[in-house]
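The next block holds one structure in the form of structure tokens; read it before the comments.
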Amino acid sequence: MQGLAGDSDKITLPGAGCGPIVPAHDSTAPPLRQQVFDCVRSQGEIPRIDVAKHLAVSPASVSTLVSDLLGAGLLAEVEAPREPGGRGRPPVALAVRPEAGYVVGLKLSDLTHSGVIIDFAGRTVVEASLHRVSLRAEVELLVEETESLLRELLDKAGMERAQISGVGLGVPGIVDHARGMALWSPIIRGTEIPIAELMSARLGLPVQVDNDANLLTLAELWYGAGRGLADFAVITLEYGVGMGLVMNHQLYRGAHSVGMELGHTKVQLDGALCRCGQRGCLEAYVSDYALVREASVALDLHRTASGSAQVILESLYDQAKAGNEAARTIFRRAGRFLSAGIANVINLFDPSLVILSGARMKYDYLYAEDVLAEARALTLNKARVLPRIEAFAWGDLVWARGAATLALAAASEALVREAGQ
């Protein structure tokens, strides 16, 4: 057994230097050309001089880069709103050319796959869904279903596949975004599936893949409540429990691209069995299948050939609303575990906002005031400012839009980079 290091092991030798060793040119800030494009896209329409002010660079630098982006067809000059009483020529602003490119976003799920096509300005062109019959399938079937959904999207939009710059894919489970791997997913049989590579080969398009909770968080960052926030957390409640985290206006995934698995943090040692195979996970007490399990025991509600988990959940909720104390107790218990999860996120990351999101947010027992009050009580709150907690019951298409945004970021970065060559 190795002992503790002695004092001599802690001494830095003369000439060895000190401080963090950072690779040359390491920076979180993208190239200035990309910053200019991102600034225009985030503002919708903005004059050149305001771009320079926003980025704190010279107007001449901005003009040179804007010329590149105009020449590449990524930006366009548009007539800006005139000030009241203004005279002379109408002011000119910059905007992203929506038709500069199109991307697809797909959210894969246990019962329904959802998809959207968006343009380079982030506007939705068309959307579609595909209902499934299998909760967990071989990856080959998932690839076939994905291609069917893509074809439906293209048909509805009247577009050719060649017009698409890339595909973003959201998958539940543990996803290594950097390698394009589904390490484990409740909807795919097997582990360590190179899903981005398999999808790209079948679809004939570049594919970016990520955990679906990360992509819902990306949608909040680009279009929703997180647009103006440097940091916030999203907790998702669907068939499972997920989490996304934004730090310094960027999605944080962890050192190995598989972090933020809030649903698989342990809340009860040797507790209820989770679908990941371990026991005591938060998900095993809060998710759909946890509520269905409790309902089957306490209320004798069981799945039948015609009764899905969704039917059981709706019945459970109706009974709770009607005053059934056993049904209320099931939601109350799940809400208490959710309170602990929320408090842990606040204690760990101190976000400015916590967003509760997902289809299960329509079950208001899970975020009733007593649940949120308990979350605040469980938070270390000695003379500190607690974050806001907001709930949104988004449908699957918002998740798909987040997936499209993943593809949009990659495709636009590539084209902006080419604009300067």
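The numbering of the sequence shown is this note's numbering, which starts it at 1160 and goes up by one.
Where is the CB? At the ideal position from N, CA and C, for every residue including glycine.
Please read all numbers here as calculations on a predicted model, not as lab measurements.
For the alpha helix (DSSP H) containing residue i, list its first residue and its last residue.
i	result
alanine 1570	1555–1578
serine 1220	1218–1230
methionine 1148	The structure shown has nothing for residue 1148, since the chain only spans 1160 to 1580.
leucine 1472	1468–1480
Going by Cα to Cα distance, which pick from the options is closest to residue i?
i	options	result
valine 1513	Arg1535, Ile1354 and Ala1239	Arg1535
glutamate 1397	Ala1532, Glu1297 and Tyr1444	Tyr1444
cysteine 1435	Ser1344, Gly1230, Gly1579 and Leu1537	Ser1344
serine 1516	Asp1371, Val1237 and Leu1428	Asp1371
isoleucine 1346	Gln1478, Val1451, Gly1430 and Glu1304	Glu1304
serine 1268	Glu1577, Gly1579, Ala1573 and Trp1558	Trp1558
arginine 1348	Leu1364, Gly1363 and Pro1331	Pro1331
phenylalanine 1496	Ala1457, Leu1421 and Glu1286	Leu1421
valine 1262	Leu1289, Tyr1522, Val1221 and Gln1322	Gln1322
isoleucine 1489	Pro1510, Tyr1522 and Phe1508	Tyr1522
glycine 1581	Glu1533, Gly1387 and Arg1295	A query on residue 1581 cannot be resolved here, the shown segment of the chain reaching from 1160 to 1580 and no further.
histidine 1408	Glu1238, Asp1390 and Met1340	Asp1390
glycine 1561	Pro1365, Asp1459, Ala1518 and Gly1327	Gly1327
threonine 1395	Leu1565, Arg1386, Leu1388 and Ala1378	Ala1378
proline 1278	Arg1295, Ser1511 and Ala1259	It is aspartate, not proline, that sits at residue 1278 in the sequence shown. Selected option, being the one with the closest Cα: Ala1259.
leucine 1404	Gly1413, Ala1392, His1415 and Ala1414	Ala1392
methionine 1358	Thr1376, Gly1339 and Leu1375	Gly1339
alanine 1414	Pro1353, Arg1487 and Ala1337	Ala1337
alanine 1550	Glu1528, Leu1228, Gly1363 and Thr1564	Glu1528
threonine 1271	Gly1554, Ala1566 and Glu1572	Gly1554
arginine 1438	Val1426, Asp1447 and Ser1446	Val1426
serine 1511	Leu1214, Met1318, Leu1388 and Ser1288	Leu1388
alanine 1254	Ser1201, Asn1373 and Asp1314	Ser1201
leucine 1224	Val1400, Glu1356 and Ile1208	Ile1208
proline 1546	Ala1552, Thr1564 and Asn1506	Asn1506
methionine 1419	Leu1428, Leu1432, Cys1433 and Val1400	Val1400
arginine 1386	Leu1191, Arg1192, Cys1198 and Arg1576	Cys1198
leucine 1567	Gly1281, Asn1540 and Tyr1448	Gly1281
Start and end of the beta strand (DSSP E) containing residue i?
i	result
serine 1516	1512–1516
histidine 1336	No beta strand (DSSP E) contains histidine 1336, which DSSP labels as neither H nor E.
alanine 1280	Alanine 1280 -> no beta strand (DSSP E), and no H or E assigned at all.
What residues are listed by DSSP as bridge partners for residue i?
i	result
leucine 1296	Per the sequence presented here, residue 1296 reads as alanine, with leucine not at that position. In the DSSP output, where bridge partners are listed per residue, alanine 1296 has Ile1347.
glycine 1264	Val1275 and Gly1327
arginine 1547	Leu1512
alanine 1252	Val1237
cysteine 1440	Lys1425
isoleucine 1205	Leu1253
valine 1368	Leu1328
leucine 1432	Arg1438
According to DSSP, is residue i part of a helix, a strand, or is it coil?
i	result
methionine 1419	coil
serine 1288	strand
leucine 1374	helix
leucine 1537	helix
leucine 1458	coil
leucine 1270	coil
Does residue i have its Cβ less than 8 Å from a Cβ in chain C?
i	result
alanine 1378	The structure shown contains no chain C, having only a single protein chain.
Contained alpha helix (DSSP H) runs [length at least 4] in the region 1378–1410, N- to C-terminal order: none
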